[in-house]
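One structure is given here, and the rest of the page talks about it.
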Amino acid sequence: MVLLPSDLQLIYYVRDALLEVTGGRENYEELVGYLQPKRNLNSHEAAQLVAILKALAGVVSYIDSVHHGALIFALERMSLWNLATYKNYDAADIMDALMDFIVSLAASKGMYIDWCLERLVRHFTAPKHVIDFLKNENGVDRKNKVLSRVHAALKQIYDLVPLAPMRLTPIVVQNIPKRYNVTEHEIVMYVENMLKLESGAIGEIVGSTMLPALVDKLIELDVEIGWDGKMHEDAKCIFEMELFEDIPEFADDDEKYYSSMCASELLNRNNLQGNKVVEKIDSLIVLTFLHLESCQSSGRLTEVFDILLASFKRTVLNTYKSKFTQFVMFYACALDPERCGVKFAMVLRDMFESDLNPPITRMSAVAYLASYLSRAKFLSSALVADIIQSLVYSCFAYCNKLHDSDMNPEAHQVFYSGCQAIMYILCFRMKSLMDVPRLKMKLIKMRMLQLWEHKLNPLKVCLPSVVEEFLIQAKAARLFMSAELFVFEDLLESDLSKAFGGMDRLDMFFPFDPCLLKKSESYIRPHFVRWSRVKTTYGDEEDSDSGSEASDDDFVDRNANDILDKRKRNANDMIDDDMVGSVGAGLDFDPDLNKMSITPKSFKYGFK
596 MVLLPSDLQL
606 IYYVRDALLE
616 VTGGRENYEE
626 LVGYLQPKRN
636 LNSHEAAQLV
646 AILKALAGVV
656 SYIDSVHHGA
666 LIFALERMSL
676 WNLATYKNYD
686 AADIMDALMD
696 FIVSLAASKG
706 MYIDWCLERL
716 VRHFTAPKHV
726 IDFLKNENGV
736 DRKNKVLSRV
746 HAALKQIYDL
756 VPLAPMRLTP
766 IVVQNIPKRY
776 NVTEHEIVMY
786 VENMLKLESG
796 AIGEIVGSTM
806 LPALVDKLIE
816 LDVEIGWDGK
826 MHEDAKCIFE
836 MELFEDIPEF
846 ADDDEKYYSS
856 MCASELLNRN
866 NLQGNKVVEK
876 IDSLIVLTFL
886 HLESCQSSGR
896 LTEVFDILLA
906 SFKRTVLNTY
916 KSKFTQFVMF
926 YACALDPERC
936 GVKFAMVLRD
946 MFESDLNPPI
956 TRMSAVAYLA
966 SYLSRAKFLS
976 SALVADIIQS
986 LVYSCFAYCN
996 KLHDSDMNPE
1006 AHQVFYSGCQ
1016 AIMYILCFRM
1026 KSLMDVPRLK
1036 MKLIKMRMLQ
1046 LWEHKLNPLK
1056 VCLPSVVEEF
1066 LIQAKAARLF
1076 MSAELFVFED
1086 LLESDLSKAF
1096 GGMDRLDMFF
1106 PFDPCLLKKS
1116 ESYIRPHFVR
1126 WSRVKTTYGD
1136 EEDSDSGSEA
1146 SDDDFVDRNA
1156 NDILDKRKRN
1166 ANDMIDDDMV
1176 GSVGAGLDFD
1186 PDLNKMSITP
1196 KSFKYGFK
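Everything in the sequence shown is counted per the working numbering, starting at 596 for the first residue and increasing by one.
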């Protein structure tokens, strides 16, 4: 075919080829032939292709799905990614003409709008054969040339068809890469485009879908990372802390490191290293962190946080194997402590206190609350004290309403989860609260003593490692005057404690224990309280004996060595230990499965 002398004549030619398909097919087949993908087009052929695509854009109303299947198939095979990798000519004009055709088709024929949106969304990730090419020197530029055109076309379709975003959102969600063998590069590029949609011109319409879909994908990857089978319960070592991360010889000598700990509690650091799923979720969480930072800069963080919070309540809260996804909420709160940070705490508290929620949701909510208040460096002591007071009141109110003689812990799981949350928070925060006279008085006036001495006996049912640390600090701080309360006997885990936790061992679920994802942890670190840096109430005695404050350097060595010795001594002598810490700036942290917290190592995520 020779190019006709004018655009108008070419439009007539293409129109006639489409109309005559039911009779003579020669012109139609020739038209389809020009749309077939070719690797080596000369400048004349490239100009022909541009002209034909422009002509098709002018006659889209004549395209029929029944008679023009070959044409539609040929158009489906045209990819901006392939065009962007051609080296013998600049394919920008062809790319623009293809986008114009797709926009015109979507605007003129409603039956093709899903097809058009699908074609654009398929460009959210590059084909495998293109990915290596994008790693070259000009790869980023070529990637931007493709994606900028895709998002511009989506915006044009939205302007012409206002209801198009309603059709777009399910297409985007359905096309999220789900294959097990999908590469990290593919899934990251796809999510980049989802987030670009969320923050773009149509974000107000699709944003409420993109972020929840991302959270769902994170959860899907999260639960796919399985190490539960490698974790075994061992009550002897139930109080292992994240101290080894601060001991240089352990960091450099794996053999000595492993031999120093209970074999049943060791999670080999290689469990995560080289794990492709871990690498994917790590990259996706970092990408989400960067998006949250962008939202903060543009003043949209509060709006985005509300969407994430709703998704957290729907998806993450009751996913008990979630190990990493929750740190998206943690980081969002860290970026805006005054609003997002406080709101998250209040929502978790309200979910725990509401009788309308099922028990398992209330237990999970208070587990998140306890871990969050303990680990979030950006939360004020006043807020922590207020929430502790609220938890104490709720638990005490439960005791007052109790008429059931059944002392089986399973019947009072919500109560015990509240009690354990109070103790866990105070393990981290007691010193900082007692150092403020107003908050100290508030703490002393709480009716905690009646709670611990109640016939439900939470000190014998809650997790022994948490109870032990709480009582040690409470005695040193003189928080209670009851001598019987501080008799450290039989603190190993009992059947009562196991019964309280239930099948999912929610008594051992501390969701904001140290993040073990290398890249993500570097974002969390400045906002995170690590147990080995907590200043405890019994650290005061050593400080007064030494006559000077410990320096940051002292914290590392003294914490590590003294705590290790402390766990070997008789429980009645524990109050003499000199664990000194600080809630100040944390040390550099190389994430590792073996770097835990006061959470039992064998059940770090609440599962056998």
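Even for Gly, the Cβ is constructed at its ideal location relative to N, Cα and C.
What does the alpha-carbon distance come out to for the pair residue i and residue j?
i, j, result
"L813", "D945", "26 Å"
"K875", "Y785", "12 Å"
"D602", "Y629", "17 Å"
"V1062", "D901", "35 Å"
"V899", "F973", "20 Å"
"C1022", "S1127", "12 Å"
"L964", "D811", "21 Å"
"M1174", "S969", "With a pLDDT of 28 at M1174, under the threshold of 50, the modelled position of this residue cannot be trusted; read the value that follows with caution. Taking the straight line from one Cα to the other gives about 18 Å."
"D754", "A702", "9 Å"
"Q604", "I658", "18 Å"
"P632", "E781", "23 Å"
"V1056", "T1131", "24 Å"
"H639", "S794", "40 Å"
"V725", "K738", "10 Å"
"V961", "M1018", "12 Å"
"C1110", "F1075", "34 Å"
"T617", "C890", "54 Å"
"T644", "I708", "One detail in the question is off: residue 644 reads as Leu in this sequence, not Thr. So the two alpha carbons sit approximately 23 Å from each other."
"R610", "D691", "21 Å"
"L986", "L887", "31 Å"
"D829", "L1054", "Unreliable positioning characterises D829 in this predicted model, as indicated by a pLDDT of 41, which lies under 50. A coordinate reading is not provided."
"I697", "M673", "11 Å"
When you compare each of the options to residue i by their alpha carbons, which one comes out closest?
i, options, result
"L809", "T778, E799 and N770", "N770"
"R762", "L712, A642 and H780", "L712"
"F719", "K1114, V1129, L729 and V745", "V745"
"L758", "R610, I800, L790 and V609", "I800"
"V777", "A796, L742, L816 and A748", "L816"
"L749", "M694, E787 and Y707", "M694"
"V873", "E819, V911, L930 and Q1008", "E819"
"P765", "P807, F1075, L1074 and A960", "P807"
"L678", "P1032, A905, A960 and K740", "K740"
"Q921", "L715, E1116, G795 and V768", "E1116"
"A929", "S989, E793, R1120 and L879", "R1120"
"T897", "V911, G869 and G936", "G936"
"R1024", "S985, A1069 and V783", "A1069"
"R774", "A687, S803, K871 and P1053", "K871"
"A1072", "M1103, N1052, W1047 and I1039", "I1039"
At what residues does the alpha helix (DSSP H) containing residue i begin and finish?
i, result
"R1024", "Q1008 to M1029"
"R957", "P954 to R970"
"L1133", "The amino acid at residue 1133 is misidentified as Leu; the sequence shows Tyr. Neither: Y1133 is in no alpha helix (DSSP H) and is coded neither H nor E."
"Q891", "K871 to S892"
"P1053", "P1053 to V1056"
"Y657", "Y657 -> no alpha helix (DSSP H), and no H or E assigned at all."
"V801", "G798 to E819"
"C1110", "It is not in any alpha helix (DSSP H) - C1110 carries neither H nor E in the DSSP assignment."
"V616", "Taken as a continuous stretch (DSSP letters only), V616 belongs to no alpha helix (DSSP H), as it is neither H nor E."
"E625", "E621 to L630"
"E1064", "P1059 to A1072"
"Q921", "It is not in any alpha helix (DSSP H) - Q921 carries neither H nor E in the DSSP assignment."
"Y988", "S976 to K996"
"K1040", "P1032 to K1040"
"M1043", "M1043 to W1047"
"D901", "L896 to S906"
If you measure from the beta carbon of residue i to each beta carbon in chain C, is any gap under 9 Å?
i, result
"A646", "Note that chain C does not occur in the displayed structure, where there is just one protein chain."
What residues match up with residue i in a beta bridge as DSSP calls it?
i, result
"F939", "Bridge partners of F939: none, in fact."
"F1123", "A971"
Quick one: does the C-beta of residue i sit closer than 8 Å to a heavy atom of the ligand PLP?
i, result
"E787", "The ligand content of the structure shown is nil, which means the ligand PLP is not present either."
### Message
As an exercise, report each continuous alpha helix (DSSP H) stretch of at least 4 residues that is fully enclosed by the region 748 to 790, in chain order.
### Response
759 to 769
### Message
Report the start-end ranges of each beta strand (DSSP E) in the region 656 to 734 that is 3 residues or longer and not cut off at the edges.
### Response
none
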